[in-house]
Ligand code: IPD
């Protein structure tokens, strides 16, 4: 029986390499365009990094299959079969990546500072740092391992089914909190902004806030938010509208850290369903499931 550890080692190497490409590109000018909606952003770096990851892996594992965010956006069928399949998000948090501090503005700012008495307190660190590379791997539709590389600070999250979850080599453990009134909840907005969707989104958030919970946070990267559940920094996550490449790697990491990752209906996670509830404990996951009103985003594998 394969243990896929060789594949995991390669995934770690390529995630680090890809993350360095993203970190360099973050300091440069970007060409930004949109995909499914005006808020669903993509840059040339998303394409370049996905090509780097897939071509490297395909060369090494020619019989494997690939699902990638940008390939799917370009029309490649998003299909999970029994074959070994890599599920890739080259840049999760593209909107954060796009809003990084612009070098040209910095130069302009420095010049104006030379003639000003106000001290310069800005630096290249002005940015939304939540940007990650995510690589999941499934065989016979079962998730085997996940690797998430935080491009801004170099943190590496890894997990292999049955072998625990780690952050920079240190074991991860979810929060054991069962009382929702002591929970910090994370979510993401998703790409749809029509009034009906926003009403449901805000209604769901209102229910989370009025539980009452300690709070609700949106950080702009589904994968890194899910890593916060794995590390115990927050108790739960829910979202409608994310994709299989946002969930795949993180689901293994959370489960191996002792948490649960389920469908918003309370049933088993369906990787293609574009919806998820993840939590440190089943009690908090069940509470969230009962509160949520669904938002229909369709499926990743529909034509
Ligand atoms: C998106 C981000 C965003 C979330 C979306 C994701 P991308 O991924 O994680 O925060 O709301 O659902 O698809 O487009 O940055 O890779």
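In this note's numbering, the protein residues as written are 3 to 305. We put the beta carbon where it would ideally sit given N, CA and C, even for glycine. Remember, predicted model here, so these are calculated numbers, not experimental data.
Between the options, which has its C-alpha nearest residue i's C-alpha?
i: residue 101; options: 45, 59, 67; result: 45
i: residue 232; options: 252, 295, 268; result: 252
i: residue 99; options: 148, 67, 135; result: 135
i: residue 54; options: 38, 82, 16; result: 16
i: residue 13; options: 58, 197, 144, 74; result: 58
i: residue 201; options: 151, 148, 65, 297; result: 297
i: residue 51; options: 151, 11, 303; result: 151
i: residue 272; options: 143, 168, 28, 22; result: 143
i: residue 39; options: 62, 61, 75; result: 75
i: residue 85; options: 130, 22, 4, 158; result: 4
i: residue 129; options: 28, 63, 304; result: 28
i: residue 10; options: 31, 156, 80, 168; result: 168
i: residue 21; options: 77, 159, 8; result: 159
i: residue 289; options: 267, 80, 61, 8; result: 267
i: residue 198; options: 295, 179, 79, 149; result: 295
i: residue 62; options: 195, 8, 18, 30; result: 8
i: residue 181; options: 64, 238, 304; result: 238
i: residue 175; options: 230, 137, 77, 222; result: 230
i: residue 303; options: 78, 149, 212, 23; result: 78
Are residue i and residue j closer than 7 Å when you measure CB to CB?
i: residue 89; j: residue 69; result: yes
i: residue 216; j: residue 188; result: no
i: residue 177; j: residue 260; result: no
i: residue 132; j: residue 226; result: yes
i: residue 6; j: residue 146; result: yes
i: residue 228; j: residue 280; result: yes
i: residue 173; j: residue 164; result: no
Note down, in chain order, each residue of its chain lying with its Cβ closer than 7 Å to the Cβ of residue i, except the 5 sequence neighbours on either side.
i: residue 33; result: 45, 46
i: residue 42; result: 36, 193
i: residue 224; result: 94, 190, 241, 244, 248
i: residue 284; result: 262
i: residue 292; result: none
i: residue 157; result: 169, 170
Skipping 5 residues on each side, what residues in its chain have a beta carbon closer than 8 Å to that of residue i?
i: residue 48; result: 71, 72, 92, 93, 96
i: residue 207; result: 189, 218
i: residue 214; result: 183
i: residue 269; result: none
i: residue 64; result: none
i: residue 179; result: 185, 237, 282, 283, 286
Under 8 Å by Cβ, that's how I've got residue i and residue j pegged, so tell me the actual separation to the nearest angstrom.
i: residue 299; j: residue 240; result: Between residue 240 and residue 299 the Cβ distance is about 13 Å, and since that is not below 8 Å, they are no contact.
i: residue 264; j: residue 287; result: 6 Å
i: residue 250; j: residue 140; result: 7 Å
i: residue 236; j: residue 154; result: At roughly 19 Å, the Cβ-Cβ gap does not stay under 8 Å, so residue 236 and residue 154 are not in contact.
i: residue 82; j: residue 274; result: 6 Å
i: residue 257; j: residue 276; result: Actually they are not in contact, since the Cβ atoms of residue 257 and residue 276 sit about 19 Å apart, beyond 8 Å.
i: residue 87; j: residue 60; result: Not quite, the Cβ-Cβ distance comes to about 12 Å (not below 8 Å), so this is no contact.
For residue i, which residues of its own chain have a beta-carbon under 6 Å away from its beta-carbon, when the five flanking residues on both sides are left out?
i: residue 19; result: none
i: residue 221; result: 132, 227
i: residue 31; result: none
The ligand FMN: which residues have Cβ under 7 Å from any of its heavy atoms, chain order? In the structure shown, the ligand FMN is absent; the only ligands present are the ligand IPD.
Which complete beta strand (DSSP E) runs does the stretch 137–210 hold, if anything under 3 residues is left out? 144–152, 158–162, 167–169, 186–189
Counting only runs of 4+ residues fully inside the stretch 217–275, write out the alpha helix (DSSP H) ranges in chain order. 224–233, 246–258
Suppose only complete runs of 4+ residues qualify. What are the alpha helix (DSSP H) ranges in the stretch 23–88, listed by chain order? 46–62, 71–75
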